[in-house]
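In our numbering, the protein residues as written are 773 to 1012.
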Ligand code: NAP
């Protein structure tokens, strides 16, 4: 029987590539989107084993309803990928409390909301894999991105603590902390900035959405059954 994966922020960028990769690998996929409904529906028309659900991950009630919908449609949820995220640039003294709250609510509280809603079923069947998408900035911090870095460091802390809580229930919790990946999120980088970043990366190139999706496929699979609580960073050697 096909396994089911729920991917938040599956409409664009890294999440979208993961939707295609998991669908191709034979998973049933629940694609969560927030604003990009038309794109999400287009993907679902293309891929027969993909269903879509619009929900803001920061809204706990919407998340609970999405989990119920997924179980009704596919029977159960085997893999959860907390990918939805927003960035926020600006010096700490220039960021408003609203901007700070929005980043934390989406990137960190969103991850909490999804984990909390999916866990009762995973714990009762003693099986599951949770993959949280952090960032290199959650590991080493970025000037001008304090809120984003704090939210992504929080995701790493959540991953490690939750892995300890859930190991006895045979649920694995891991974290992917990508370096720079070309998506809408990074589209405002100038060629000059990109050249500068690339020159600092030992492998001499930025990452692709496939680099992240391939790792997620591995962490979802039984092939990684002894791996939990880990932060794996596909970053070309940029942060070691
Ligand atoms: P992206 O291209 O901007 O896509 C973001 C996705 O998140 C979209 O599908 C968006 O959905 C969804 N999203 C945003 N807010 C949401 C919310 N409140 N509820 C539900 N979905 C929401 O970004 P990306 O580069 O693919 O990033 C994906 C993840 O990787 C993020 O967590 C990001 O922090 C992380 N990451 C990215 C990079 C990078 O260089 N790109 C590096 C490290 C980590 P809608 O369009 O439907 O609103």
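C-beta atoms are modelled at their ideal positions from N, C-alpha and C, and glycine is treated no differently.
Q: Give every residue of the same chain whose Cβ lies closer than 7 Å to the Cβ of residue 996, excluding the five residues on either side of it in the sequence, and list them in chain order.
A: 990
Q.
Measuring straight from C-alpha to C-alpha, what distance separates residue 861 and residue 837?
A. Cα to Cα, residue 861 sits roughly 32 Å from residue 837.
Q: Leaving out five residues on either side along the sequence, give the residues of the same chain with a beta carbon under 6 Å from the beta carbon of residue 928.
A: Excluding residues up to 5 positions away in sequence, 906, 910, 947 and 1003 lie with their Cβ nearer than 6 Å to the Cβ of residue 928 in the same chain.
**Q.** Local Cβ density within 10 Å of residue 1012, reported as buried at 16 or more and exposed below that
**A.** exposed
Q) Over what stretch of residues does the beta strand (DSSP E) that includes residue 776 continue unbroken? A) 776-779
Q. Under three-state DSSP, which class holds residue 792?
A. Helix, per DSSP.
Q | Inter-stretch contact at 8 Å, needing at least 3 Cβ pairs: the region 963-982 / the region 918-936 | A | no
Q) If you draw a straight line from the C-alpha of residue 785 to the C-alpha of residue 975, how long is it? A) 22 Å
Q.
Is any non-hydrogen atom of the ligand NAP found closer than 6 Å to the C-beta of residue 796, if you look at the structure I gave you?
A. no
Q: Tell me whether the beta-carbon of residue 951 lies closer than 7 Å to the beta-carbon of residue 1007.
A: yes
Q. Can we count residue 846 as close to the ligand NAP, meaning its CB is less than 6 Å from some heavy atom?
A. no
Q: Over the uninterrupted alpha helix (DSSP H) stretch that includes residue 819, give me the two end residues.
A: No alpha helix (DSSP H) contains residue 819, which DSSP labels as neither H nor E.
Q: Ignoring anything shorter than 4 residues or poking outside the region 850-876, list the alpha helix (DSSP H) runs there in chain order.
A: 869-875
Q: Helix, strand or coil for residue 901, going by three-state DSSP, please let me know.
A: strand
Q: Counting only the same chain and skipping the five closest in sequence on each side, list residues whose C-beta sits under 7 Å from that of residue 828.
A: 806 and 834
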